[in-house]
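Going by the working numbering, the first residue of the sequence shown is number 89, and it counts up by one from there.
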Amino acid sequence: MIAVLQEIESSYGYLPAWALRQVSEKLELPLTQVYGVASFYDAFHLTPRGKHLIRVCLGTACYLRGSTRILEALERELGIKDGETTPDLEFSIQSVRCLGACALSPVMIIDEFYFDKMTPTKINSVLKRIQEKNEN
Ligand code: FES
């Protein structure tokens with residue numbers, strides 16, 4: 089079942105409800121069991137994800153250097169909360185615990201790009217840079 093769910097996740101970027109029903113039917117497994125697996129693993133998502141995933145570290149080093157203020161600034165700027173996606177499907181925010189770059193804290197990652205020593209005032213310019221990359 090996990091391999092099938094991974095395939096669907098990689099095709100759609102999340103696991104649509106209709107796909108979970110089909111997995112349940114085709115594999116002859118209770119839908120509750122399929123949902124149980126889909127909701128257990130962080131690798132699976134039950135709602136659509138944004139084109140750009142913003143991961144904000146709330147690990148100890150980053151937390152002590154103010155990463156919650158960065159998360160709050162992002163939430164304000166994008167109008168969504170941690171774990172949510174913007175209505176235009178451009179951005180998703182996900183808080184994480186330690187990105188392995190504690191010396192550069194506070195850290196956030198957008199897609200594969202690290203942004204170190206972040207401050208709430210840098211949020212606007214970072215988001216603008218990402219949007220400009222989109223346009224090019
Ligand atoms: S605690 Fe944030 S990178 Fe380690």
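Quick reminder that beta carbons are idealized off the backbone N, C-alpha and C, glycines included.
By the criterion of a C-beta distance shorter than 8 Å, GLN182 is surrounded in its chain by LEU141, ILE142, ARG143, VAL144, ASP170 and GLY171, once the five residues flanking it on both sides are discounted. Distance between GLY154 and ALA105, taken at the CA atoms: about 37 Å. Per DSSP, reduced to three states, the secondary structure at PHE132 is coil, with no helix or strand assignment. In terms of CA proximity to LEU103, TYR123 leads the group TYR123, GLU113, LYS114 and LEU115. Under the three-state reduction of DSSP, VAL144 is assigned to strand.
For ASP204 against ALA189, the beta-carbon gap comes to about 7 Å, under 8 Å, which counts as contact.
Under DSSP, the beta-bridge partners assigned to VAL184 are CYS145.
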